[in-house]
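Be aware that the sequence shown starts at 53, since it is given in this note's numbering, and climbs by one per residue. Cβ atoms here follow ideal geometry from the backbone N, Cα and C, with glycine treated the same way.
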Amino acid sequence: MVQKGAIDATDQAELISLCKKDAGVFGSTPTKIKAQGIPPGTLRAHDNSFTLRLEEISNVKGINALAPRKPLKFGEGPLTIIYGTTGSGKSGYVRILKHACGARKTGELHGNIFNKQEKAKACTFKIRIDTEPPKDLDWPQPMGIIDDMKAIEIYDTDCAHVYLTEENEVAYEPWVLSLFTQLTEVCKLVGKTLKDEIDQSVSRLPLMPAQLQNTTSGLWYSGLSHQTKQRKIDARCLWNQKLQKTLEEFKKRLSEPDPAKQGSQTRQTKANLLALRSELKKMRDQLSNEKCSQYFNSRKETAAKRKAADEDAKKVFESGPLDGVGSESWRLLWEQARTYSETIAYMGVVFPNASEEARCVLCQQILKPDARKRFTSFETFVTGELQKQANKAEQQIKTLKEEIEDIISVENLSLRMDSAGISAGAERAEISKFHKLIVERKDFLLKTESLSGVGGLPDETLLEKIKARSEDFEKWAQKYDNDAKKVNRDRLEKHAKELEARKWLSEQKDCIEEEVARLKHVNALKGARRLTNPKSLSDMKSQLADIIISPAFVKRFEDELRALGAFRIKVKFAKTRTKYGHVYHRIQLKDCARDICPTDILSEGEFRIVSLAAFLADVEGQPHISPFIFDDPISSLDQDFEEATSRRLIDLCKSRQVIVFTHRLSLLAQLEGLAKKAGIEPHVICLRSESWGAGEPGDTPIFAKKPEGALKSIFGERLPKARKVFEQIGRTEYEEIAKGICGDIRILIERLVENDLLSDIVQRFRREVQTKNKIHKLAKITPEDCKFIDDYMSKYSIYEHSQPSEAPVQILDPDKIERDLQDILMWLNEFKTR
53 MVQKGAIDAT DQAELISLCK KDAGVFGSTP TKIKAQGIPP GTLRAHDNSF TLRLEEISNV
113 KGINALAPRK PLKFGEGPLT IIYGTTGSGK SGYVRILKHA CGARKTGELH GNIFNKQEKA
173 KACTFKIRID TEPPKDLDWP QPMGIIDDMK AIEIYDTDCA HVYLTEENEV AYEPWVLSLF
233 TQLTEVCKLV GKTLKDEIDQ SVSRLPLMPA QLQNTTSGLW YSGLSHQTKQ RKIDARCLWN
293 QKLQKTLEEF KKRLSEPDPA KQGSQTRQTK ANLLALRSEL KKMRDQLSNE KCSQYFNSRK
353 ETAAKRKAAD EDAKKVFESG PLDGVGSESW RLLWEQARTY SETIAYMGVV FPNASEEARC
413 VLCQQILKPD ARKRFTSFET FVTGELQKQA NKAEQQIKTL KEEIEDIISV ENLSLRMDSA
473 GISAGAERAE ISKFHKLIVE RKDFLLKTES LSGVGGLPDE TLLEKIKARS EDFEKWAQKY
533 DNDAKKVNRD RLEKHAKELE ARKWLSEQKD CIEEEVARLK HVNALKGARR LTNPKSLSDM
593 KSQLADIIIS PAFVKRFEDE LRALGAFRIK VKFAKTRTKY GHVYHRIQLK DCARDICPTD
653 ILSEGEFRIV SLAAFLADVE GQPHISPFIF DDPISSLDQD FEEATSRRLI DLCKSRQVIV
713 FTHRLSLLAQ LEGLAKKAGI EPHVICLRSE SWGAGEPGDT PIFAKKPEGA LKSIFGERLP
773 KARKVFEQIG RTEYEEIAKG ICGDIRILIE RLVENDLLSD IVQRFRREVQ TKNKIHKLAK
833 ITPEDCKFID DYMSKYSIYE HSQPSEAPVQ ILDPDKIERD LQDILMWLNE FKTR
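Next up, the structure:
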């Protein structure tokens with residue numbers, strides 16, 4: 053900055069990289085930069101002064117009601133006075149200059165609000181810098197401030213309020229202080245670039261569902277920061293089957309419309325499940341190795357006992373006519389005969405009935421003695437010990453077989469599983485497999501002769517699972533009972549929402565980790581941005597300003613108050629604060645016990661003169677010779693302050709271009725008089741509002757012109773035009789023009805009295821009577837001079853006053869006016885040469 057005047061893009065990139073590196077921004081790899089000292093002598097004062105002149109404003113379009121056809125030219129001299137009545141366009145030109153030059157309070161620049169066709173706001177300025185040729189600057193309003201015109205200073209009512217009600221920076225600061233300002237701006241630029249990078253880092257976190265945002269997990273999610281640890285993320289985003297099952301349980305319970313009924317149904321399902329388990333356990337127990345061994349042993353024992361009984365029967369009945377006595381079929385037949393005899397044929401008689409008249413219950417023939425004897429022996433055999441043992445064994449094996457074969461069918465098993473709430477395919481398959489193994493074991497048991505051929509027995513794990521499931525059903529039933537009583541339902545809803553939030557977080561874990569990484573990066577960038585804080589620069593600049601600026605500023609303000617005759621007003625200029633390398637000052641009341649705004653105490657005139665002093669104290673500190681523009685600077689001022697202000701404006705003309713916009717004739721007269729006294733020729737312009745628009749520059753108003761030049765102008769320009777109308781169109785149109793000429797001649801005769809006859813000793817709108825080097829000129833006035841002036845005053849006054857209708861006054865012909873003008877000019881020339 054010291055060597056090149058500014059930093060370029062490469063410098064800025066290096067500064068940003070250095071800040072990132074110092075702040076620990078991940079991935080920042082700045083190039084190695086070698087520090088260099090400031091070359092000796094470079095901090096000395098720099099002469100950057102220049103001279104600026106504003107020459108004209110032209111091509112005004114679309115701004116207020118301005119529509120001039122001629123440019124507004126500011127002349128060659130140091131003082132330009134632009135006079136205009138209300139609505140003539142003065143304020144429009146001032147507004148243009150405020151926007152183009154960057155005044156402190158520009159306001160809004162409107163177009164012609166009464167024109168429906170909106171035009172682009174623009175104009176052209178002509179300026180001259182030092183000895184360079186004048187150059188035109190095209191200014192479209194969106195362009196804003198023109199750099200070449202920023203040195204132009206403008207004072208108006210808005211500026212006055214700024215100086216009295218707000219803090220202000222000085223308009224110009226020494227180079228060494230501007231270096232600190234530039235350093236501060238560099239800090240702000242680097243800081244803004246880092247801020248832009250921060251702003252461009254946008255969170256991609258999905259929005260958590262509204263109903264989950266107030267949960268513990270939701271609040272944690274909304275509070276993610278660069279300090280969030282990975283272990284916290286892992287813990288919060290953990291989700292497993294157990295949590296999923298718990299969530300489903302909570303949802304099921306909360307969605308149940310009738311918990312009491314559901315509890316009852318759950319208990320019934322539990323009972324059905326336990327019944328199924330009992331059935332399965334019974335089937336398994338009936339086919340246990342112990343039971344199978346018992347079956348095999350019982351079958352062997354039954355066979356042995358039956359064999360012994362059959363052998364005994366063979367011995368007893370081998371002499372009988374028929375074989376097979378004692379066999380199983382024979383025993384069945386004998387038992388059936390017993391039943392028939394005791395229940396029908398011979399009720400109440402012990403079987404067999406072997407009396408003499410007894411008949412065989414099968415063939416119904418009378419029993420012979422040998423048959424009766426055989427019957428008795430049969431019964432003895434059947435009821436004998438061996439037979440009893442054989443029958444008992446056979447009954448036992450039959451019972452064992454029935455128990456073994458007592459296995460539920462596949463269809464019944466499916467119904468049992470349905471009633472027990474077993475719907476999952478894997479669980480039903482496991483139970484079906486258990487059942488199938490039992491059936492296969494039973495079938496093998498009935499076919500084989502030993503335990504080795506029976507096959508495997510199903511594991512008891514299934515039964516434990518069913519038992520555990522039944523316990524779960526009981527827990528569910530108890531929970532439904534509690535839910536029916538509305539016990540802890542709010543807590544249940546809260547836990548359900550928390551689990552839903554946990555599940556949602558587990559689905560967003562990648563996004564959360566990405567967001568935390570982004571936040572860490574942003575925090576590092578913020579750290580880098582904090583390194584651009586220019587507070588230390590501001591503090592140092594403030595200390596330097598206390599030495600370099602403030603004392604000089606305060607002294608200039610006090611000097612201006614004296615020059616304007618306002619030193620008795622108790623105000624002072626004081627430094628208030630420093631911010632971002634900018635030093636601020638403010639006008640305060642002296643010896644005031646409270647902090648009160650000066651505008652609340654000062655009168656309107658005091659306010660105006662103090663603000664003008666502050667403005668001049670500020671802008672006079674800059675080294676540039678640039679135009680000062682004043683818009684109605686004496687508004688609300690009394691006569692003393694008006695004259696002091698006028699004198700100060702003339703003093704300014706000695707060093708720079710001064711442009712004054714006014715509608716006050718008194719200010720115009722005072723400035724003209726003081727300028728003449730100082731040897732300055734003012735350039736006076738009159739603005740008019742024409743039919744096509746306001747702001748049209750015209751000739752100097754007749755009352756502001758020198759009488760001799762104005763008379764010659766009428767003689768050489770206006771009168772020939774009037775003569776042409778008189779000769780070609782007629783008297784009616786001529787009289788309208790001639791009446792104006794006659795009125796102006798009367799005004800100029802009055803000016804002759806002030807300027808020439810009385811040698812400018814006394815002027816209207818001028819307070820003082822100037823006699824020095826003038827009063828002796830009154831001695832050359834003769835009675836003839838007085839009569840000459842009096843005659844012409846009387847002759848031309850009649851056109852300014854109403855006349856009797858019975859004695860109308862006819863406008864003079866062009867020839868008569870021409871002769872009168874020649875006479876007046878001849879008298880003036882003779883009077884000056886006396």
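inquiry  = With DSSP as the reference, identify every bridge partner of GLY750, one or two as the case may be.
reply    = CYS738, per the DSSP bridge assignment.
query = Taking just the CA atoms, how far does PRO679 sit from SER101?
reply = Going from the Cα of SER101 to the Cα of PRO679 covers about 14 Å.
key: Span separating the alpha-carbon of ASP690 from that of ARG614   = One C-alpha to the other measures close to 16 Å.
request  = Would you give the residue range spanned by the beta strand (DSSP E) that PHE680 belongs to?
outcome  = Counting along the chain, the beta strand (DSSP E) containing PHE680 begins and ends at 680-683.
query = Ordered along the chain, which non-local residues of its own chain (more than five positions away) have a Cβ less than 8 Å from that of LEU577?
reply = The residues are LYS72, ALA75, VAL77, LEU246, GLU249, ILE250 and SER253.
task = Return the residue from the list VAL574, ARG582 and ALA669 that minimises the CA-CA distance to PHE609.
result = Here the closest residue by C-alpha is ALA669.
key: Candidates ASN807, ASP837, ARG816 and GLU836: closest to LYS826 by CA position   = For the set ASN807, ASP837, ARG816 and GLU836, the Cα lying nearest the Cα of LYS826 is the one of ASN807.
ask   = When we look at the beta-carbon of LYS142 and count the other beta-carbons within 10 Å, is it buried (16 or more) or exposed?
value = Classification for LYS142: buried.
query = Out of ALA774, GLY617, GLY768 and LYS494, which has the shortest C-alpha to C-alpha gap to SER698?
reply = Checking every option, the nearest Cα to that of SER698 belongs to GLY617.
query = For TRP291 versus ARG581, is the C-beta distance shorter than 8 Å?
reply = Contact annotation: TRP291 and ARG581 have beta-carbon atoms that are not nearer than 8 Å.
ask   = Residues bridged to SER407 by DSSP?
value = Beta-bridge pairing links SER407 to no other residue.
task = Just tell me which of ASP188, ILE179, LYS187 and ALA152 has its CA closest to the CA of LYS173.
result = Checked all of ASP188, ILE179, LYS187 and ALA152; the closest Cα to LYS173 is ALA152.
query = From which residue to which residue does the beta strand (DSSP E) around ILE133 run?
reply = First-last of the beta strand (DSSP E) with ILE133: 131-136.
request  = Identify every run of the alpha helix (DSSP H) within the segment 466-517, keeping only runs that are complete inside it and at least 4 residues long; order them along the chain.
outcome  = Those alpha helix (DSSP H) runs which fall completely within the segment 466-517 and span 4+ residues are 477-499.
query = Taking the continuous alpha helix (DSSP H) assigned at ILE179, which residues delimit it?
reply = Element bounds for ILE179: not the alpha helix (DSSP H) but the beta strand (DSSP E), 174-181.
request  = Taking the CB atoms as reference points, tell me whether LEU515 and LEU332 lie closer together than 8 Å.
outcome  = Closer than 8 Å, so yes.
request  = Flag this pair as touching only if the segment 155-163 and the segment 727-740 have three or more C-beta atom pairs under 8 Å; answer yes or no.
outcome  = Put simply, the segment 155-163 does not touch the segment 727-740. Fewer than three CB pairs are less than 8 Å apart.
query = If ILE766 and ASP796 are in contact, beta carbons under 8 Å, what's the gap, nearest whole angstrom?
reply = Right, the Cβ-Cβ distance comes to about 6 Å (below 8 Å), so this counts as a contact.
request  = State the Cα-Cα distance for the pair GLN780 and MET845, rounded to the nearest angstrom.
outcome  = Cα atoms of GLN780 and MET845: separation of roughly 30 Å, rounded to the nearest angstrom.
query = Under a three-way DSSP split, which group does HIS828 fall into?
reply = HIS828: helix per DSSP, three-state reduction.
message = Using 8 Å for Cβ pairs, my map puts SER255 next to ARG570. What's the rounded Cβ distance?
response = That belief holds up - the Cβ atoms of SER255 and ARG570 are roughly 7 Å apart, short of 8 Å.
inquiry  = What would DSSP say about LEU641, mapped onto helix, strand or coil?
reply    = Three-state DSSP puts LEU641 in a strand.
request  = Would you grab the beta carbon distance between THR321 and GLY473 for me? Rounded to a whole angstrom, and I think it's under 8 Å.
outcome  = Yes, THR321 and GLY473 are in contact; Cβ-Cβ is about 4 Å, under 8 Å.
key: Opening and closing residue of the alpha helix (DSSP H) in which LYS773 lies   = Where LYS773 is concerned, the enclosing alpha helix (DSSP H) stretches over 771-780.
request  = Using three-state DSSP, classify PRO192 as helix, strand or coil.
outcome  = Here PRO192 sits in strand by DSSP.
task = For CYS838, count neighbouring Cβ atoms within 10 angstroms of its own Cβ and tell me buried if that reaches 16, exposed if not.
result = Under the 10 Å beta carbon count, CYS838 is surrounded by fewer than 16 other beta carbons and is classified as exposed.
request  = Could you check the C-alpha separation between GLY750 and GLY139 for me, to the nearest Å?
outcome  = When rounded, the separation of the alpha-carbon atoms in GLY750 and GLY139 is 15 Å.
inquiry  = By the DSSP assignment, the beta strand (DSSP E) with LYS113 in it spans what residues?
reply    = Looking at the DSSP string, the run of the beta strand (DSSP E) that includes LYS113 is 104-113.
request  = For ARG638, count neighbouring C-beta atoms within 10 Å of its own C-beta (all shown protein chains included) and say buried if the count is 16 or more, exposed if not.
outcome  = The residue in question, ARG638, is buried, as its Cβ has 16 or more Cβ neighbours within 10 Å.
Per DSSP, cross-strand counterpart(s) of ALA626 = According to DSSP, ALA626 bridges with ARG638.
ask   = Is the segment 231-244 close to the segment 585-596, with three or more CB pairs under 8 Å?
value = By the Cβ criterion, the segment 231-244 is in contact with the segment 585-596, since at least three pairs of Cβ atoms, one from each stretch, lie closer than 8 Å.
task = Could you check the C-alpha separation between ASN661 and THR217 for me, to the nearest Å?
result = Asn is not the amino acid found at residue 661; the sequence shown has Ile there. In this model, ILE661 and THR217 are separated by some 14 Å (Cα to Cα).
query = In angstroms, rounded to a whole number, what distance separates the CA positions of SER381 and ALA389?
reply = Each residue's Cα considered, the two are about 12 Å apart.
ask   = To the nearest angstrom, how far is it from the Cα of LEU880 to the Cα of ILE793?
value = Spanning the alpha carbons of LEU880 and ILE793 requires a straight line of approximately 19 Å.
ask   = Roughly how many whole angstroms lie between the Cα atoms of VAL623 and LYS593?
value = When the Cα atoms are used, VAL623 and LYS593 turn out to be separated by approximately 26 Å.
request  = Mind checking which residues open and close the alpha helix (DSSP H) that includes GLU724?
outcome  = Per DSSP, GLU724 belongs to the alpha helix (DSSP H) from 717-729.
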